[in-house]
Amino acid sequence: MAAPDYSGWAIVAERLCERTRVAEASTAPTNDASARRRAPAMAAIPTLRHTTTSNPDGDDMQIQQLRQNAQAAVVPAATTGDPAFLKLKGVTKRYGVDYMAVDDLDIDLPKGKLLGLLGPSGCGKTTTLRMIAGLLDITKGNILIDGDDISHRPPHRRDIGLVFQNYALFPHMTVAENIAFGLDMRGVSRSEARGRVEEALEMVRLPGYGSRKPKEMSGGQQQRVALARALVIRPRILLLDEPLSNLDAKLRDDMRIEIREIQQRLQITTVFVTHDQVEALTMCDLVGVMNRGKLAQLGSPEDIYERPANLFVAEFVGRTNVMDCEIEAADRVSICGATFLCDTKGLVQGKAKAAIRPHRVNLTPSRDRSLVSIATNSTHGKVVRVTYVGDVVQYDIDIGGSILTTEVHTRSAGHSFQTGEKLLCEWMPQDMQVFGG
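Take the sequence shown: its letters are residues 1 to 437, numbered as in UniProt numbering.
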């Protein structure tokens, strides 16, 4: 009977896992394998020949072929003068006739920078990452790394490290064996692999953990092991597919800092997929906001937050008030019958949407006439809801038909407003943005 056709890394690896489980289950506790599992991890980095069967005509031949392919995986790049180390040119992914998962995507990512792909579920960010990794074929376009077109190259020949959302650690292997797996597939000698695994464990702050099994480690530690496994092969590009989504809030904060520090120290070009805007804004050099397969905006975190290119970005990134308005002139709009100054250049008169961040609105008691503000725009309102959110108090204010949400830091608040209280809302013209309706 012909051997099964294992065409991908993951399938072959799973097959290896199963064989090793069977071998461990049928071996006496005192044999060499058991002793090796109890030995320090750095002395236990295996080669695949120790964990596979001796059938030369079956799966082993395919595994040997995979190892040979992996050894030739690093292809010298044709270095160019283009500042973009990772370039996506018109990358498109279509399913069938009607569904466009990714539509004509253009991205230039300089060497050593971290790009965050941010967007709601189904926007195409993970599909984009999988096309870069070679796990999905592109329908149209080109993907280049330092001028080297990898658009149709198999995954193991792209020289890319990938960290999955669920870490994908082999449960029957030790931490050191997990990290060394890619090195073994590339034919790296055991002595060199041992040193590189030690370096990787130091890098992710897990020295001495090499002999443990994944089940003996916390979620954050497993995440670090997955990161070490991706980095130990010294890839040209690192891809992170929502690696923090399975962690609790405190650990997520800590790992954000650690991943960013490692990325900056190694200066490795990285693509980070996330639906968490805090991760995108705090970790990334560039943020690409995606919507319905298209790139809604690409820019620095500050550009994305302070200068959104369209209403979708303004609403998706951060909290914002969006109100119906009427453009009256190039420098003013009407909201609920009141006129406010703002920049409307490039927009025609008529219906539109005005957006302002909650923290940009200043609140003043209506009865206090002694306070003088430099804000140009102001309107009276009444508090309809007060919400305590820890470091800020959120006020929802009726300004005559529209609800304006504001945020005031609890320590800096000079006055606490109550439900039903009347007040004055003020903001600067440059803090309000207008988008065509």
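Note that the Cβ used here is the ideal one computed from N, Cα and C, for glycine as well.
Here the structure is a predicted model, which is why all the values come from computation and not from measurement.
Please give me, in chain order, every unbroken run of the alpha helix (DSSP H) with length at least 4 that falls completely inside the segment 90 to 135.
Entirely contained in the segment 90 to 135, the alpha helix (DSSP H) runs reaching 4 residues are, in chain order, 125 to 133.
With distances taken Cα to Cα, identify the nearest neighbour of arginine 252 among Val271, Thr269 and Val278.
Walking along the sequence shown from the start, residue 252 turns up at place 252. The candidate whose alpha carbon is nearest that of arginine 252 is Val278.
Presumed contact (8 Å Cβ cut-off) between asparagine 142 and lysine 89, rounded CB distance:
Position 142 of the sequence shown holds residue 142. Position 89 of the sequence shown holds residue 89. About 4 Å separates the two Cβ atoms, so the contact holds.
Determine the extent of the beta strand (DSSP E) in which methionine 290 is found, giving its start and end residues.
Position 290 of the sequence shown holds residue 290. Counting along the chain, the beta strand (DSSP E) containing methionine 290 begins and ends at 286 to 291.
Straight-line Cα distance separating aspartate 391 from aspartate 431:
Here residue 431 refers to the residue found at position 431 of the sequence shown. Here residue 391 refers to the residue found at position 391 of the sequence shown. When rounded, the separation of the alpha-carbon atoms in aspartate 431 and aspartate 391 is 22 Å.
Residue closest to glycine 96, alpha-carbon to alpha-carbon, out of Arg130, Ile138, Leu129 and Ser416
If you number the sequence shown from 1, residue 96 lands on position 96. Checking every option, the nearest Cα to that of glycine 96 belongs to Ile138.
So what does cysteine 325 bridge to, in DSSP terms?
Within the sequence shown, residue 325 is the residue found at index 325, counting from 1. According to DSSP, cysteine 325 bridges with Ala352.
Near leucine 295, what residues of its chain come up, given a Cβ to Cβ distance below 8 Å and the 5 sequence neighbours on each side ignored?
Translated into positions along the sequence shown, residue 295 becomes position 295. Cβ-Cβ distances below 8 Å link leucine 295 to Leu105, Asp106, Ile107, Gly288 and Val289 in the same chain, with the five nearest sequence neighbours on each side left out; the list follows chain order.
If I'm right that threonine 406 touches isoleucine 397 with Cβ under 8 Å, what's the distance once you round it to whole angstroms?
Within the sequence shown, numbered from 1, the residue matching residue 406 stands at position 406. Within the sequence shown, numbered from 1, the residue matching residue 397 stands at position 397. Indeed they touch by this definition, with Cβ atoms about 6 Å apart.
Quick check: what's the CA-CA separation for glutamine 418 versus asparagine 377?
Position 418 of the sequence shown, counting from 1, holds the residue named residue 418. Position 377 of the sequence shown, counting from 1, holds the residue named residue 377. For glutamine 418 and asparagine 377, the distance between alpha carbons rounds to 23 Å.
Taking 9 Å as the threshold (C-beta atoms), are valine 197 and alanine 228 in contact?
Here residue 228 corresponds to residue number 228 of the sequence shown, with the count starting at 1. Here residue 197 corresponds to residue number 197 of the sequence shown, with the count starting at 1. Yes, Cβ-Cβ distance for alanine 228 and valine 197 is below 9 Å.
Using C-beta distances below 7 Å, list every residue in its chain close to histidine 415, excluding the 5 sequence neighbours before and after it, in chain order.
Locating residue 415 in the sequence shown gives position 415, where the first residue counts as 1. Result list for histidine 415: Pro365, in chain order.
For asparagine 246, the three-state DSSP class (helix, strand or coil)
Here residue 246 is taken as the residue at index 246 of the sequence shown, counted from 1. Per DSSP, reduced to three states, the secondary structure at asparagine 246 is coil, with no helix or strand assignment.
Backbone CA spacing between serine 182 and leucine 114 [nearest angstrom]
Start at 1 with the first residue of the sequence shown, and residue 182 comes out as number 182. Start at 1 with the first residue of the sequence shown, and residue 114 comes out as number 114. In the sequence under discussion, the amino acid at residue 182 is glycine, which differs from the serine named in the question. Here the alpha carbons of leucine 114 and glycine 182 stand approximately 23 Å from one another.
Is the beta carbon of arginine 319 less than 9 Å from the beta carbon of cysteine 123?
Here residue 319 is taken as the residue at index 319 of the sequence shown, counted from 1. Here residue 123 is taken as the residue at index 123 of the sequence shown, counted from 1. With respect to the 9 Å criterion, arginine 319 and cysteine 123 are not classified as neighbours on the basis of their beta carbons.
Does DSSP classify glutamine 277 as helix, strand or coil?
Residue 277 sits at position 277 when you count from the first residue of the sequence shown. Residue state for glutamine 277 is assigned as helix, using DSSP reduced to three classes.
Verify the CB distance criterion: does arginine 260 have a CB-CB separation below 9 Å to chain D?
Protein chain content of the structure displayed is limited to a single chain, and chain D is not contained in it.
Does DSSP classify asparagine 142 as helix, strand or coil?
Looking up residue 142 in the sequence shown gives position 142. Here asparagine 142 sits in strand by DSSP.
Just to confirm my understanding: we take leucine 144, look at its own chain, exclude 5 residues before and 5 after, and list those with CB closer than 6 Å. What are they?
In the sequence shown, counting from the first residue as 1, residue 144 sits at position 144. Result list for leucine 144: Lys87, in chain order.
Would you tell me roughly how many angstroms separate the C-alpha atoms of glutamine 433 and cysteine 342, rounded to the nearest one?
Locating residue 433 in the sequence shown gives position 433, counting from the first residue. Locating residue 342 in the sequence shown gives position 342, counting from the first residue. Straight-line Cα distance between these residues: approximately 7 Å.
Under the three-state reduction of DSSP, which class applies to valine 361: helix, strand or coil?
Against the sequence shown, residue 361 aligns to sequence position 361. Note: valine 361 maps to coil in three-state DSSP.
Beta carbon of valine 384 nearer than 9 Å to that of alanine 354
Indexing the sequence shown from 1 puts residue 384 at position 384. Indexing the sequence shown from 1 puts residue 354 at position 354. With respect to the 9 Å criterion, valine 384 and alanine 354 are not classified as neighbours on the basis of their beta carbons.
Should valine 12 go down as buried or exposed, given a rule of 16 or more other Cβ atoms within 10 Å for buried?
Reading the sequence shown from its first residue, position 12 is the one you call residue 12. In this prediction, valine 12 scores a pLDDT of 42, lower than 50, which makes its location untrustworthy; no coordinate-derived value is stated.
Stretch pair the segment 228 to 239 + the segment 255 to 274: three plus CB contacts closer than 8 Å
Using a Cβ-Cβ distance cut-off of 8 Å, the segment 228 to 239 and the segment 255 to 274 are in contact, since at least three pairs of beta carbons, one from each stretch, lie closer than that value.
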